[in-house]
Amino acid sequence: MTQGNAMKEGVRPPTPQTPGRRKRFWTLAAARPAEGGFSVELDGRGIRLPGGTPLCVTSRALAGAIADEWAHAGGEKGGDFTPDDLPMTRITGTMIERVAPDPSAQVTALLQYVDGELLCYRADHPALLCTRQKAEWDPQLAWLQARYGIDMAVTQGIMPLSQSQAVQVAWRGILEKMDNPTLAALGVMVPAMKSIVLGLAVVTGALSAAKAAEIASVDERTQMDIWGKDDKQAESLRLLALEVADAARFLRLCHMS
8 MTQGNAMKEG
18 VRPPTPQTPG
28 RRKRFWTLAA
38 ARPAEGGFSV
48 ELDGRGIRLP
58 GGTPLCVTSR
68 ALAGAIADEW
78 AHAGGEKGGD
88 FTPDDLPMTR
98 ITGTMIERVA
108 PDPSAQVTAL
118 LQYVDGELLC
128 YRADHPALLC
138 TRQKAEWDPQ
148 LAWLQARYGI
158 DMAVTQGIMP
168 LSQSQAVQVA
178 WRGILEKMDN
188 PTLAALGVMV
198 PAMKSIVLGL
208 AVVTGALSAA
218 KAAEIASVDE
228 RTQMDIWGKD
238 DKQAESLRLL
248 ALEVADAARF
258 LRLCHMS
């Protein structure tokens, strides 16, 4: 089968909204050169994204990573897999079908997190939590101000906080300069951590994904220190760290040749 025919008759992966598990229907997954970059084929047929767009990326490293996750998903033909087994495919699909056609929409969506910035909402009790929030969150806001000149207001409690127009304009200016892979990565990190500040720190290399996820989970970790470990909450924190790590890895791969 030629590359053109493979792309025309491409297979489509399940989306994250697909309920239940799926059966692996392919034997071999491989990255191949394609017009405009690199595609991933399953038994010689190119993958198409949920919207019908052929999966094609400019980074050989990213294509290889996508092929690798398909090679392992389900173990072998007939095995069970879910969209959770395909994180690089999912983020790539978002970049190609949602971000690339209209980056400004992604910028607008991310800006909604400015007023709800996690690091700006502080507790007034218990004392241990207040101390930890200050120790772990203040340095991140100080970094933001030193590097970008953005001075974000901080409040106590849960009443909505509106950041100044100057802060909003500054954030828009930062986001509008970002490329599509970075916007796609932030689209995963920021909602997961509820922090656009921590997302920016990760994509600019100021924080590792693991450290950012740790900082974002101060409240939950402190709660478990006070009341004891909660298995459900611990699993939620594990998944949070995994989401941020996947997005950071995706971005690194995009910027590799």
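To convert, count from 1 in the sequence shown and add 7; that's this note's numbering. Even for Gly, the Cβ is constructed at its ideal location relative to N, Cα and C.
Near G11, which residues of its chain fall below 7 Å by C-beta distance, leaving aside the five closest residues on each side in sequence? Its pLDDT being 37, under 50, G11 is placed unreliably by the model, and the measurement read from it follows with that caveat. Nothing meets the Cβ criterion.
Exposed or buried, P188, counting other C-beta atoms within 10 Å across all chains shown (16 or more means buried)? buried
I need the DSSP call for A38, collapsed to helix, strand or coil. strand
Near L126, what residues of its chain come up, given a Cβ to Cβ distance below 7 Å and the 5 sequence neighbours on each side ignored? W144, Q147, L148, S202 and V204
Whole-angstrom distance between E48 and Q163, CA atom to CA atom: 52 Å
What does the Cβ neighbour count give for R245, buried or exposed, with the cut at 16 atoms within 10 Å? exposed
Quick one: complete alpha helix (DSSP H) runs, 4+ long, within the segment 89 to 118? 94 to 101 and 110 to 118
Compare the C-alpha of V210 against each of D109, V197 and E221 and name the closest. V197
With a CB to CB cut of under 6 Å and the five nearest residues on each side skipped, what residues in its chain are close to P133? none
So the candidates are Q140, P110 and V195; which of them puts its Cα closest to the Cα of I222? Q140
Where R67 falls: helix, strand or coil (DSSP): helix
For S224, does the count of other Cβ atoms within 10 angstroms reach 16, so buried, or fall short, so exposed? buried
State buried or exposed for R154, treating a residue as buried only when at least 16 other CB atoms are found within 10 Å of its CB. exposed
Assigned secondary structure, S243 (DSSP; H/G/I helix, E/B strand, else coil): helix
Following the continuous alpha helix (DSSP H) through G194, name the residue where it begins and the one where it ends. N187 to M200
Taking all protein chains shown into account, decide if P265 is buried (16 or more other Cβ within 10 angstroms of its Cβ) or exposed. Residue 265 lies beyond the range of the chain shown here (8 to 264); nothing can be said about it.
Considering Cα atoms alone, identify which of D87, T115, P61 and T96 is closest to M185. T115
Spatial neighbours of A107 within its chain, please: CB distance less than 7 Å, with the 5 preceding and 5 following residues excluded, ordered by chain position. N187
Quick one: give me the first and last residue of the alpha helix (DSSP H) that L136 is part of. A134 to Y155
Residues of its chain near Q175, where Cβ-Cβ distance is below 8 Å and the 5 sequence neighbours each way are ignored: L118 and V121
Alpha carbon of C137 to alpha carbon of R228, nearest angstrom: 13 Å
Residue from E242, L56 and I181 whose Cα sits closest to the Cα of Q113: I181
Leaving out five residues before and five after W77 in sequence, what residues of the same chain have Cβ atoms less than 6 Å from its Cβ? A36
Leaving out five residues before and five after Q150 in sequence, what residues of the same chain have Cβ atoms less than 8 Å from its Cβ? Per the sequence shown, residue 150 should be read as Trp rather than Gln. Counting only Cβ-Cβ distances below 8 Å, and skipping sequence neighbours, we find A208 and A213.
Integer-rounded CB distance, given that A191 should sit under 8 Å from I73: With a Cβ gap of about 14 Å, I73 and A191 do not count as contacting.
Find the nearest neighbour of I103 within the set K84, L56 and K30, judged by alpha-carbon distance. L56
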